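**Student:**
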Amino acid sequence: MSTQSTRAAARLMVAPSVILLLIWMIVPLAMTIYFSFRLYRLLSPDRTGWVGFNNYVWFFNSPDFWVAIVNTLLLVGGVLVITVVLGVLIALLIDQPIWGQGPLRILVISPFFVMPPVAASIWENLFMHPQNGLLAAVSRGFGYDPILYLESYPMASLIFIVSWEWLPFATLILLTALQSMSSEQLEAAEMDGASALSRFRYLVLPHLSRAITVVILIQTIFLLGIFGEIFTTTQGGPGNASTTLPYMIYKQALIAKDIGRAAAGGIIAVILANIVAIFLMRGIGKHLDA
Amino acid sequence: MARTVTTQRKVAYTLAAWAVGLVIFFPVFWTILTSFKTEASAVASPPEFLAADWTLENYADVWSRSDYPRFFWNSVVISIGSTLLGLAIAIPAAWSMAFAPGKRTKDLLMWMLSTKMMPAVGVLIPMYLLFQWTGLFDTRIGLILALMLMNLPIIVWMLYTYFKEIPAEILEAARMDGASLRNEIIYVLTPMAIPGIASTMLLNIILAWNEAFWTITLTTVDAAPLSAFIASFSAPQGLFYAKLSAASTMAIAPILIVGWFSQKQLVRGLTFGAVK
Amino acid sequence: MGQITLKQVRKSFGDVHVIPGVDLDILDGEFVVFVGPSGCGKSTLLRLIAGLEDTTSGIIAIDGKDATSLPPAKRGLAMVFQSYALYPHMTVRKNIAFPLKMAGMSEADQARKVDAAAKVLNLSSYLDRRPGQLSGGQRQRVAIGRAIVREPAAFLFDEPLSNLDASLRVTMRQEITELHQTLKTTMIYVTHDQVEAMTMADKIVVLNAGRVEQVGSPLQLYNHPDNLFVAGFIGSPKMNLIAGAEAAQHGATTIGVRPEHIEVGTGPWSGIVALAEHLGSDTFLKVNAGDLGTMTVRASGEVRVNYGDRIQFGPQAGKIHRFGPDGKNMA
Numbered sequence: 005m006s007t008q009s010t011r012a013a014a015r016l017m018v019a020p021s022v023i024l025l026l027i028w029m030i031v032p033l034a035m036t037i038y039f040s041f042r043l044y045r046l047l048s049p050d051r052t053g054w055v056g057f058n059n060y061v062w063f064f065n066s067p068d069f070w071v072a073i074v075n076t077l078l079l080v081g082g083v084l085v086i087t088v089v090l091g092v093l094i095a096l097l098i099d100q101p102i103w104g105q106g107p108l109r110i111l112v113i114s115p116f117f118v119m120p121p122v123a124a125s126i127w128e129n130l131f132m133h134p135q136n137g138l139l140a141a142v143s144r145g146f147g148y149d150p151i152l153y154l155e156s157y158p159m160a161s162l163i164f165i166v167s168w169e170w171l172p173f174a175t176l177i178l179l180t181a182l183q184s185m186s187s188e189q190l191e192a193a194e195m196d197g198a199s200a201l202s203r204f205r206y207l208v209l210p211h212l213s214r215a216i217t218v219v220i221l222i223q224t225i226f227l228l229g230i231f232g233e234i235f236t237t238t239q240g241g242p243g244n245a246s247t248t249l250p251y252m253i254y255k256q257a258l259i260a261k262d263i264g265r266a267a268a269g270g271i272i273a274v275i276l277a278n279i280v281a282i283f284l285m286r287g288i289g290k291h292l293d294a
Numbered sequence: 057m058a059r060t061v062t063t064q065r066k067v068a069y070t071l072a073a074w075a076v077g078l079v080i081f082f083p084v085f086w087t088i089l090t091s092f093k094t095e096a097s098a099v100a101s102p103p104e105f106l107a108a109d110w111t112l113e114n115y116a117d118v119w120s121r122s123d124y125p126r127f128f129w130n131s132v133v134i135s136i137g138s139t140l141l142g143l144a145i146a147i148p149a150a151w152s153m154a155f156a157p158g159k160r161t162k163d164l165l166m167w168m169l170s171t172k173m174m175p176a177v178g179v180l181i182p183m184y185l186l187f188q189w190t191g192l193f194d195t196r197i198g199l200i201l202a203l204m205l206m207n208l209p210i211i212v213w214m215l216y217t218y219f220k221e222i223p224a225e226i227l228e229a230a231r232m233d234g235a236s237l238r239n240e241i242i243y244v245l246t247p248m249a250i251p252g253i254a255s256t257m258l259l260n261i262i263l264a265w266n267e268a269f270w271t272i273t274l275t276t277v278d279a280a281p282l283s284a285f286i287a288s289f290s291a292p293q294g295l296f297y298a299k300l301s302a303a304s305t306m307a308i309a310p311i312l313i314v315g316w317f318s319q320k321q322l323v324r325g326l327t328f329g330a331v332k
Numbered sequence: 003m004g005q006i007t008l009k010q011v012r013k014s015f016g017d018v019h020v021i022p023g024v025d026l027d028i029l030d031g032e033f034v035v036f037v038g039p040s041g042c043g044k045s046t047l048l049r050l051i052a053g054l055e056d057t058t059s060g061i062i063a064i065d066g067k068d069a070t071s072l073p074p075a076k077r078g079l080a081m082v083f084q085s086y087a088l089y090p091h092m093t094v095r096k097n098i099a100f101p102l103k104m105a106g107m108s109e110a111d112q113a114r115k116v117d118a119a120a121k122v123l124n125l126s127s128y129l130d131r132r133p134g135q136l137s138g139g140q141r142q143r144v145a146i147g148r149a150i151v152r153e154p155a156a157f158l159f160d161e162p163l164s165n166l167d168a169s170l171r172v173t174m175r176q177e178i179t180e181l182h183q184t185l186k187t188t189m190i191y192v193t194h195d196q197v198e199a200m201t202m203a204d205k206i207v208v209l210n211a212g213r214v215e216q217v218g219s220p221l222q223l224y225n226h227p228d229n230l231f232v233a234g235f236i237g238s239p240k241m242n243l244i245a246g247a248e249a250a251q252h253g254a255t256t257i258g259v260r261p262e263h264i265e266v267g268t269g270p271w272s273g274i275v276a277l278a279e280h281l282g283s284d285t286f287l288k289v290n291a292g293d294l295g296t297m298t299v300r301a302s303g304e305v306r307v308n309y310g311d312r313i314q315f316g317p318q319a320g321k322i323h324r325f326g327p328d329g330k331n332m333a
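Chains as they are written, first to last, in this note's numbering: chain A, 5 to 294; chain B, 57 to 332; chain C, 3 to 333.
(1) Any C-beta of chain A within less than 7 Å: which residues of the stretch 62-80 of chain B qualify?
(2) Nearest to isoleucine 51 (chain C) by CA position, among C:Gly234, C:Ile190, C:Glu198, is which residue?
(3) What does the Cβ neighbour count give for glycine 134 (chain C), buried or exposed, with the cut at 16 atoms within 10 Å?
(4) Can you check whether the C-beta of glutamate 113 (chain B) is within less than 9 Å of a C-beta belonging to chain C?
(5) Give me the chain C residues within the contact set of asparagine 239 (chain B), using Cβ-Cβ distance strictly less than 7 Å, ordered along the chain.
(6) Give a yes or no on whether the C-beta atoms belonging to proline 115 (chain A) and glycine 241 (chain A) are separated by under 9 Å.
(7) Return the first residue and the last residue of the alpha helix (DSSP H) that serine 238 (chain C) is part of.
(8) Taking the straight line between their C-alpha atoms, what separation do you get for leucine 215 (chain B) and phenylalanine 36 (chain C)?
(9) For the candidate residues C:Leu72, C:Phe33, C:Gly31, whose alpha-carbon lies nearest to that of arginine 49 (chain C)?
(10) Does glycine 269 (chain C) come out as helix, strand or coil in the three-state DSSP assignment?
(11) Quick one: does aspartate 163 (chain B) have its CB under 9 Å from some CB of chain C?
(12) In the DSSP output, what is serine 14 (chain C) paired with across the bridge?
(13) Under a CB-based cut-off of 9 Å, is isoleucine 226 (chain B) close to chain C?
(14) Which two residues bound the contiguous alpha helix (DSSP H) that contains proline 125 (chain B)?
(15) Is it buried or exposed, alanine 58 (chain B), if we count other Cβ atoms within 10 angstroms and call 16 or more buried?
(16) Would you please state the rounded distance, in angstroms, between the beta carbons of alanine 245 (chain A) and isoleucine 181 (chain B)? I believe it to be under 8 Å.
(17) With distances taken between CB atoms, is the gap from lysine 299 (chain B) to valine 118 (chain B) smaller than 9 Å?
(18) What would DSSP say about glutamine 135 (chain A), mapped onto helix, strand or coil?
(19) Consider the Cβ of proline 20 (chain A): report whether some Cβ of chain B lies at a distance smaller than 9 Å.
(20) Run through the stretch 205-263 of chain B for me and flag every whole alpha helix (DSSP H) of 4 or more residues, listed as ranges in chain order.
(21) For a contact defined as C-beta to C-beta under 9 Å, what are the partners of lysine 93 (chain B) on chain A?
(22) Since arginine 300 (chain C) and phenylalanine 286 (chain C) should fall inside the 8 Å C-beta cutoff, what is the C-beta to C-beta distance between them, to a whole number of angstroms?
(23) Quick one: is arginine 260 (chain C) buried, meaning 16 or more other Cβ sit within 10 Å of its Cβ, or exposed?
(24) I'd like to know whether the C-beta atoms of valine 151 (chain C) and alanine 99 (chain C) end up nearer to each other than 9 Å.
(25) Hey, is alanine 98 (chain B)'s beta-carbon within less than 9 Å of any beta-carbon in chain A?
(26) Got a sec: is the Cβ-Cβ distance from histidine 91 (chain C) to anything in chain B below 9 Å?
(27) For glycine 142 (chain B) and methionine 92 (chain C), what's the separation of their Cα atoms in angstroms?
(28) Is the stretch 251-258 of chain B in contact with the stretch 109-118 of chain C, if contact means three or more CB pairs nearer than 8 Å?
(29) State the start and end residues of the unbroken alpha helix (DSSP H) segment that holds proline 353 (chain C).
(30) Cβ of glutamine 189 (chain A) less than 9 Å from any chain B Cβ?
(31) For a contact defined as C-beta to C-beta under 9 Å, what are the partners of leucine 171 (chain A) on chain B?
(32) Since arginine 231 (chain B) contacts glutamate 221 (chain B) with CB under 8 Å, what's their CB separation in whole angstroms?
(33) Need the endpoints of the alpha helix (DSSP H) that methionine 81 (chain C) sits in, please.
(34) Helix, strand or coil for leucine 276 (chain A), going by three-state DSSP, please let me know.
(35) Consider the Cβ of isoleucine 304 (chain A): report whether some Cβ of chain B lies at a distance smaller than 9 Å.
(36) In whole angstroms, what separates the C-alpha of valine 112 (chain A) from that of alanine 96 (chain B)?
Take a look at the structure:
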């Protein structure tokens, strides 16, 4: 439906956003690549020079790095599994004939709007704190010593906190998809004699699969960059027990102030993210509507 | 099997669903509750649900700190600023992609989506250095720019899906009625696009307010918004529990309320229109 | 006013040649109907005339002036869309006034014209409602009203009745025809429904895959179809087309007989009734006639024939159309 006059105007209007995003992509990335091959520490800025792949080698040789990789995968994978499985179950539950679905949705959706530092802080101080936390009080009530959640089980605690934050998102998406399902299909299956479980397995689940893949795709994008929660609670510790790759890079950049190393870490993170993205886009991206 | 659901079943489902909902909401509820307690009552063991002495002094104390209002204001300025800037750039782009798509439009959209997949740590170094060198470090303008760039793909996509829902025929009718491009935009497109633009704005303010990477790494004191404040000062030495709860409640209240009304926008915006 | 000429107008979308080349003359005041099956290019042709699409090549002239590169706003035409395309955020009054506002007319003049159009279309009591509060037929009238106030050189209708239910369609069909008789403005009307075409048109343009198959008055197309396509398209139920030995007997590759031109009871053909529809006013028969294939017969009044009966039937004199190997009428 476009004619000559509209087409020329169109190109002009897309330009700013494309140019901006291009610059945003290319310039910083190029700089990171450049720095990753150099020795550059903010605390001793005169000592600088080309060091080839040294910075990368440092990462691969560092045991912290592999711990960080594992932690990153644990965090993303753990949260994905928890939020998707629970999300489906809770969405199914809310979709049933119940009273007060509106207010209930508001309750369930709330954690998603709590900013990560506050979410982490609430769990760290009000619940998981060994002296004053609610969970500690519960333990004591049962006669047990309180568990030092963030100290003894840092990754598990983090996974728990992040899952609490993201469960509403998964639930909401899945609930929306559920409610868009035509009831006629289900009624026909019921007349054909299908049990509730069968109807779920053969009708509901396939319908939800598109929404589930979208949830996995979107959540992975955001989960790979989880930062605020770690910064607020464990700072990656104790030791490196809860350090993920992004946090490790942050420490190199802003704490150790080793620009070269942090840049190399950043490139590694980008490559990793691209690998994950390729898998995701191939298997899942085709569901997106464009 | 009867088609109508028995009341028994409805009660059972309602109880189960509400139990789950209340459990999920409990931490938020507990925080709000604690914000009205005295410090002594907040750390009481066993924990008190109904404290004897409710008080508003926590809120007064936190707010009268010299810096809390500043952090709050920073959050406001940065969220709204980055959203408006993003809209200014994204609206023309989404307009042209929705109404005058070319052969590459779909590729362009997917490319924009892919830029969102780049981990922020990948560009942490250059952003940090560039911000230092250009004096943007720890400024609100700097953060507005950074957050705008982070969210631009989402804004463009969301607007695109809303614009695509405007029937092309209505714009053609305007053209046949003698409207120039400018008039078409002013009298027909914009009024029909306003709900979509408002929804996008809402979602983006939420995302910017809650952002917790650049707001922490690119600020120290001046431009730090609430996210940075809570992240740095939440250790118990910094604030006591009741005050921490008050500070937290004030930090999340605006977005919680806005969010309750933005569920649909959330679904559309964050799934890039895949689920509506 | 309202004379439109198309010379060698072509339209391609990339490699797809939707319209390979059309020549057409539309006279002032004519009611022209573009008709054809889905995808034949009739809507595209209309949109080319409107200026909503650019031609790939060719000339479109309006009242003698070359309008090919003019934008829609400057061509002096008005269009009624299939979905009416009303502005949902404006009242009916503002909808109808919009083109006048775009033309810079004074508010007083705008009000006068809107009220006049509303009266003609029975919309006066709806002027302050929004389109969302109107029924389909009312919305359509608003769309027509918006077109009328512009006093265009020609009206363009893009399948305006497809979204209405059957009885409303009949009413609106008559209203549009009456409108044409009152305004006497050129009207170009696109439809896939050949009944609409036959009842409303002064001139019908039958299109197939972007090509003009035939141009003529309804009765011309009915009595003298130029080729097999037009023969099979115009007329309901479809003309019976018979190839093979029977056609050869008449010296043609294919012969055609309309169902209403067949006599039941006598004749050279014989067959078994597969379906009999008794409407009271007419009787429709579907007859398996062996080598001749399945034929449709339309008899006037009530014919007492039922499923399974064997009947004799045959064409009325002079009502056989003969088509050659190229599909063209041999007459």
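Here a beta-carbon is modelled for each residue, glycine too, at the ideal position from N, C-alpha and C. Since we're looking at a predicted model, the values are computed, not measured.
**Tutor:** Taking the structure as given:
(1) Lys66, Tyr69, Thr70, Ala72, Ala73, Trp74, Val76, Gly77, Leu78, Ile80
(2) C:Ile190
(3) exposed
(4) no
(5) Met104
(6) no
(7) That residue, serine 238 (chain C), is in no alpha helix (DSSP H); it is neither H nor E in DSSP.
(8) 38 Å
(9) C:Leu72
(10) strand
(11) no
(12) C:His19
(13) yes
(14) 124-155
(15) Confidence at alanine 58 (chain B) is low in this model, with a pLDDT of 48, below 50, so the placement of that residue should be treated as unreliable; the coordinate-derived value is given next. By the 10 Å Cβ count, alanine 58 (chain B) comes out exposed.
(16) Their Cβ separation, rounded to whole angstroms, is 25 Å, which puts alanine 245 (chain A) and isoleucine 181 (chain B) out of contact at 8 Å.
(17) yes
(18) coil
(19) yes
(20) 224-232
(21) Within chain A, no residue comes near lysine 93 (chain B); the closest Cβ sits about 11 Å away, beyond 9 Å.
(22) 6 Å
(23) buried
(24) yes
(25) yes
(26) yes
(27) 29 Å
(28) no
(29) Residue 353 (chain C) is absent from the model: chain C starts at 3 and stops at 333.
(30) no
(31) Ile80
(32) Not confirmed; about 19 Å, so no contact.
(33) It is not in any alpha helix (DSSP H) - methionine 81 (chain C) instead sits in the beta strand (DSSP E) that spans 79-82.
(34) helix
(35) No answer is possible for residue 304 (chain A): it lies beyond the span of chain A, which begins at 5 and ends at 294.
(36) 31 Å
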